[in-house]
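Just so we're on the same page, the working numbering is the position in the sequence shown counted from 1, plus 50. Note that beta-carbon positions come from the ideal geometry of N, C-alpha and C, so glycine has one too.
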Amino acid sequence: MCIMAALVGMSAEFPFILVHNRDEDWTRKTFDVQDNGAVIAAIDSRAGGTWMGLHKETARFAALTNVRTKQKVPTPSKSRGRMVQDYLERGSEQWEDYYAYHTLHCSDIRARQHGEPEVYLRTCVPTVGGGECTWETVCERLDSGHVYCISNEECRSVNTANFPKCAWLKQELERTIKSFNVESKGKEGALKLAEAMSIAMSSTVNFAEESLPDMSFSPLTKEQETILQRGPYIHGPSAGFESYGTQTQTIVISSASSKSIYYFCRRTEGLDAEQARQTPFACFEVQ
Numbered sequence: 051m052c053i054m055a056a057l058v059g060m061s062a063e064f065p066f067i068l069v070h071n072r073d074e075d076w077t078r079k080t081f082d083v084q085d086n087g088a089v090i091a092a093i094d095s096r097a098g099g100t101w102m103g104l105h106k107e108t109a110r111f112a113a114l115t116n117v118r119t120k121q122k123v124p125t126p127s128k129s130r131g132r133m134v135q136d137y138l139e140r141g142s143e144q145w146e147d148y149y150a151y152h153t154l155h156c157s158d159i160r161a162r163q164h165g166e167p168e169v170y171l172r173t174c175v176p177t178v179g180g181g182e183c184t185w186e187t188v189c190e191r192l193d194s195g196h197v198y199c200i201s202n203e204e205c206r207s208v209n210t211a212n213f214p215k216c217a218w219l220k221q222e223l224e225r226t227i228k229s230f231n232v233e234s235k236g237k238e239g240a241l242k243l244a245e246a247m248s249i250a251m252s253s254t255v256n257f258a259e260e261s262l263p264d265m266s267f268s269p270l271t272k273e274q275e276t277i278l279q280r281g282p283y284i285h286g287p288s289a290g291f292e293s294y295g296t297q298t299q300t301i302v303i304s305s306a307s308s309k310s311i312y313y314f315c316r317r318t319e320g321l322d323a324e325q326a327r328q329t330p331f332a333c334f335e336v337q
C-alpha cells in the first residue's frame, strides 16, 4: 500500500518535491539507499531494481507504486523495479513490458530558470470489456501549481484517485507548503521542509468506515484492510501483520537557490508513527 505525492511548482524555492512511503513485507529485504555511482537508489535484494531513484548527472527521476486490482495481472519476465532502474540508468521507457503500476517520472527535476520540471504520471490499469481483460497505459503531465497524490488505487488519472488517505495527505502537504517560511532556502530550508512534511507522512487517520474503498476482492480481513487505508503511515504489528508496514520514507526536494537536489531517506521498519517522526533522515545532495 505505498503512497506518493508530488508538489509541482508550489514553491519558487522548491519547485519539485516528492514524498513517498514504501510499504512492504519486511522479509523482502531491501538494501539501504546508496550512492551507486550514477544513481542514488535502494535496491530490492529479491528481484533487483528499485521503486524510486535519481540519476545524479541528468537529474532523471522516477518513483513507483503497484496497482491493486481484482483482475489477474500478467506475469512479466522482470520485476517492475527493473522498469524504474532502466529508466534511471539509460532513459529507457519500456513501459509496455510491465503491468499494474503508477510511475511518476521526470527527465530533469532540477530547478530551472524558466518554468518548473515537466513531471508525468504513467499508469497501467486493466480494462474489462466483452468478457476480456486488456491492459491500458495512460500518461498525463502534472500541471504546475498543484499537489498530486496516489496510492495503489485502480484509477486512470491522478485526478480521479479517491482513496481517503490520498485526499488527506494531499490537503496536509498543501497546507504545509503554503505555510512554510519562504526565507528558508537551500539545504537547511529543504531539511526543515522535509521534517515538516514528514509529520503528515508519519500519520494515521481514523476515516469513517463508509468512506473507505471497497476492497472485498482482497484476501486480507476487513480489519486489516481498514488499517491499510488509515495511512499514509502503516504500523503493521498493530493490525496483526507480523512483518508488514511502512518500511522506508523518502522525500526528494530540488532547490532553486542552491541549484541542488536533496534526497532525504530513512528506514522505519517496525516503528510506530511517533518513533518514525523522531528518526533522523539521511541526506544525499546532488548539484
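Using 7 Å as the threshold, is the C-beta distance between Cys-189 and Tyr-149 below it? no
Could you tell me the boundaries of the alpha helix (DSSP H) in which Glu-273 lies? 272 to 279
Output yes or no for whether 7 Å exceeds the beta carbon distance between Gly-131 and Asp-75. no
Run through DSSP, which three-state label would Tyr-148 get? coil
Taking the alpha carbon of Lys-122 as the reference point, which residue from Glu-182, Arg-225, Thr-254 and Thr-187 has its own alpha carbon closest? Glu-182
Considering Cys-52, what are the terminal residues of the alpha helix (DSSP H) in which it resides? No alpha helix (DSSP H) contains Cys-52, which DSSP labels as neither H nor E.
Measure from the C-beta of Val-134 to each C-beta in chain D and report whether the shortest distance is under 7 Å. Judged by its chain identifiers, the structure shown contains no chain D, having just a single protein chain.
Just the Cα atoms here: how many angstroms apart are Gly-295 and Asn-71? 10 Å
As assigned by DSSP and simplified to three states, the class of Trp-76: coil
6 Å CB neighbourhood of Ile-159 in its chain, flanking five on each side removed: Phe-66, Ala-109, Phe-111, Pro-167 and Ser-304
Mapping DSSP to helix, strand and coil, what is Met-251? helix
For Arg-191, the three-state DSSP class (helix, strand or coil): strand
Taking the alpha-carbon of Tyr-151 as reference, which of Gly-99, Ser-310 and Arg-206 has the nearest alpha-carbon? Arg-206
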